[in-house]
């Protein structure tokens, strides 16, 4: 197995909190806020895909195409929400991804158990009208 | 160069990811924080073409992509004389141990995880590649 070097935090000024760093952080925050505004509808659509798939799975009606879409949406949400300052969203999306990746998709009982997690995810995204990063 | 005093050398980074959001966040991050040039590709196939032409200093490669996934793209990059020398960092949302070991066995320079912190991404890349261009 390859030995991978550890990841570290980026270098900072001598005090770790230089004015240049603050300016950069502020600029990046503004840019990410604009990007979140553009991306929010797409993110919300992925959450809706998950909720629809969950309902179908609970009723034993989720087909392979729907299952593949759900896995894709959950994976994308898990990767992106934390980057936009929503780490809880990443946690919830991972729970959903794990469930949808079960062979054959989630059982009706498992799907029923996902309801509250996906409702929380939905509410979290709806509440994040503005960028939530620091 | 857009650097704000912390990064003194401009690197060129190729980001290969099928997700628009991730490509854009990573690009904003590397351009704004480090002042690096960023080249984008939305698929493995496009990434291989861009890598050959643009000759980036490093490649940030998503694992899960349709048609050609990250590991397959990586192997094709390493098999191509024009791109075999370019260090590749895998970017993945997969957190399971077996996946990580499989990716590491490929011989990638590093594995970075989604979600990433846009403020620290450039520092992580610099650190794992041993780039000494930051103050």
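Residue numbers (our numbering), protein chains in the order written: chain S, 23 to 156; chain V, 3 to 137.
C-beta: ideal position from N, C-alpha, C; glycine also.
Treat the numbers as computed from the prediction; the structure is a model and nothing was measured.
Kindly list, in the order they appear in chain V, the residues whose Cβ is closer than 8 Å to that of residue i.
| i | result |
| --- | --- |
| residue 97(S) | 66 and 95 |
| residue 57(S) | 23, 26, 27 and 30 |
Name the chain V residues whose beta carbon is nearer than 7 Å to that of residue i?
| i | result |
| --- | --- |
| residue 148(S) | Those do not exist, as residue 148(S) stays about 18 Å from chain V at its closest Cβ, beyond 7 Å. |
| residue 61(S) | 23 |
At a CB-CB cut-off below 7 Å, which residues of chain S make contact with residue i?
| i | result |
| --- | --- |
| residue 16(V) | Going along chain S, no residue has its Cβ under 7 Å from residue 16(V), so there is no contact; the nearest lies around 19 Å. |
| residue 80(V) | Within chain S, no residue comes near residue 80(V); the closest Cβ sits about 13 Å away, beyond 7 Å. |
If you follow the beta strand (DSSP E) that residue i is in, where does it begin and where does it stop?
| i | result |
| --- | --- |
| residue 42(S) | Residue 42(S) -> not in any beta strand (DSSP E); alpha helix (DSSP H) instead, spanning 41-80. |
| residue 123(S) | Run containing residue 123(S): none; DSSP gives neither H nor E here. |
So the alpha helix (DSSP H) residue i belongs to, where does it begin and stop?
| i | result |
| --- | --- |
| residue 76(V) | 72-81 |
| residue 140(S) | 130-149 |
| residue 131(V) | 123-131 |
| residue 102(V) | 99-108 |
| residue 65(V) | No alpha helix (DSSP H) contains residue 65(V), which DSSP labels as neither H nor E. |
| residue 45(V) | It is not in any alpha helix (DSSP H) - residue 45(V) carries neither H nor E in the DSSP assignment. |
For residue i, which three-state DSSP category applies?
| i | result |
| --- | --- |
| residue 115(V) | strand |
| residue 24(S) | The predicted position of residue 24(S) is uncertain, since its pLDDT is 39 and thus under 50; a value taken from the coordinates is nonetheless stated next. In this structure, residue 24(S) counts as coil in the three-state DSSP scheme. |
| residue 60(V) | strand |
| residue 39(V) | strand |
| residue 15(V) | strand |
| residue 114(S) | helix |
| residue 92(V) | strand |
| residue 109(S) | helix |
| residue 84(S) | coil |
| residue 101(S) | helix |
| residue 95(S) | helix |
| residue 34(V) | helix |
Please list, in chain order, the chain S residues whose beta carbon lies closer than 8 Å to that of residue i.
| i | result |
| --- | --- |
| residue 120(V) | 50, 54, 105 and 155 |
So residue i contacts chain V; which residues on that side make the cut at Cβ distance below 9 Å?
| i | result |
| --- | --- |
| residue 112(S) | 95, 116 and 117 |
For the structure I just gave you, are there three or more beta carbon pairs, one from the stretch 40-48 of chain S and one from the stretch 71-83 of chain S, closer than 8 Å? no
Examine the Cβ distances between the stretch 79-90 of chain S and the stretch 44-57 of chain V and report whether three or more of them are shorter than 8 Å. no
Taking any Cβ of chain V, which residues in the stretch 77-105 of chain S have a Cβ under 7 Å from it, in chain order? 97, 98, 100, 101, 102, 103, 104 and 105
Give, in chain order, every residue of the stretch 43-55 of chain S whose Cβ lies closer than 8 Å to some Cβ of chain V. 43, 45, 46, 47, 49, 50, 53 and 54
Below 8 Å, how does it come out for the stretch 107-126 of chain V and the stretch 24-39 of chain V: are there three or more Cβ pairs, yes or no? Contact holds: three or more Cβ-Cβ distances are below 8 Å.
For the 8 Å Cβ check, are there 3 or more pairs between the stretch 101-111 of chain S and the stretch 52-71 of chain S? yes
Does the stretch 83-98 of chain V come close enough to the stretch 64-73 of chain V to have 3 or more Cβ pairs within less than 8 Å? yes
Decide if the stretch 116-126 of chain S is in contact with the stretch 92-99 of chain S; the criterion is three or more beta carbon pairs, one per stretch, under 8 Å apart. yes
Could you tell me whether the stretch 135-152 of chain S touches the stretch 11-18 of chain V, where touching means 3 or more Cβ pairs closer than 8 Å? no
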